[in-house]
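Take a look at the structure set out below.
Numbering (this note's numbering), first residue to last: 483 to 772.
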């Protein structure tokens with residue numbers, strides 16, 4: 483999870499400034515809870531794409547650096563440049579081979595070089611103009627290298643509890659979790675421009691950016707009592723409580739009920755999924771393929 487790597491779309495605010503500020507107590511721990519839920523899947527995919535010894539890697543919105551450090555330790559890559567708008571968490575955990583750059587990836591002059599791997603997870607959904615951003619990141623990929631993008635997919639039903647009940651004779655009802663998730667996505671869109679609606683178009687955007695071998699997959703972590711992802715969402719709701727309540731979709735008591743629901747055996751819901759899409763830049767003619 484990034485501690486903030488860019489600007490807003492619909493909202494005027496920014497991730498890391500108006501929501502989820504890194505100076506807030508416990509923010510690094512919140513990011514690390516997300517890492518516990520998703521890092522194994524991320525590393526498995528990156529290694530399946532061939533990431534390994536000799537690779538030069540760019541980790542966009544690196545947050546606390548969990549993916550960057552695992553690339554160095556487990557994939558034994560040559561080096562990682564970890565980029566974020568606020569690098570305090572990265573600076574706290576230095577390791578050999580990890581270079582840190584404080585920068586805004588949306589800036590027109592962001593040009594740190596060419597890399598065999600360019601990776602961004604839970605970053606672009608907070609940034610404006612996704613088509614331009616995908617094209618810009620594809621431009622940082624060296625011939626034969628890969629661009630890997632992961633973002634959230636909202637699996638919360640848009641139907642209300644009354645509609646659900648009417649459709650199945652009353653057996654189903656809206657859950658506190660679903661109500662909180664809908665308010666969270668709408669609240670974050672209004673405050674900092676977060677928009678996950680276009681995330682399923684990643685494969686088309688990668689193809690449009692000139693990449694080949696495009697693929698995609700989605701992972702939905704289980705919402706188990708006390709699990710890292712359940713704790714992550716509870717903490718995220720607490721930190722975005724004001725923007726959630728401002729939507730009018732939920733009040734403070736509703737958020738409290740959703741937190742209790744996540745920590746109960748009654749919880750039966752789908753977490754937001756993580757969609758990962760990738761594409762490879764055509765190799766230079768005559769060069770050995772990656």
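Glycine is no exception: its CB is placed at the ideal position from the N, C-alpha and C atoms.
- In this chain, the alpha helix (DSSP H) harbouring residue 666 covers 658-674.
- DSSP lists 757 as the bridge partner or partners of residue 700.
- Within the model, the alpha-carbon separation for residue 734 versus residue 698 is close to 37 Å.
- In the DSSP assignment, residue 597 is bridged to 623.
- Rounded to the nearest whole angstrom, the C-alpha separation of residue 538 and residue 680 is 29 Å.
- For the pair residue 634 and residue 626, the Cα-to-Cα distance works out to about 27 Å.
- Within its own chain, the residues whose Cβ lies closer than 7 Å to the Cβ of residue 669, once the five positions on either side in sequence are excluded, are 722, 725, 726, 728 and 729, listed in chain order.
- By the 16-neighbour rule on beta-carbons within 10 angstroms, residue 673 is buried.
- Selection 708, 693 and 610 evaluated against residue 762 yields 693 as nearest (Cα-Cα).
- Beta-bridge partners assigned by DSSP to residue 505: none are found.
- Of the candidates 742, 562, 662 and 606, the residue whose Cα lies closest to the Cα of residue 675 is 606.
- Contact between residue 549 and residue 524 holds, since their C-beta atoms are separated by about 6 Å, short of 8 Å.
- About 5 Å separates the Cβ atoms of residue 531 and residue 628, confirming a contact at the 8 Å cut-off.
- In the DSSP assignment, residue 542 forms a beta bridge with 565 and 602.
- Residue 713 and residue 683 have their C-alpha atoms some 29 Å from each other.
- For residue 581, the pairing in a beta bridge is given by DSSP as 563.
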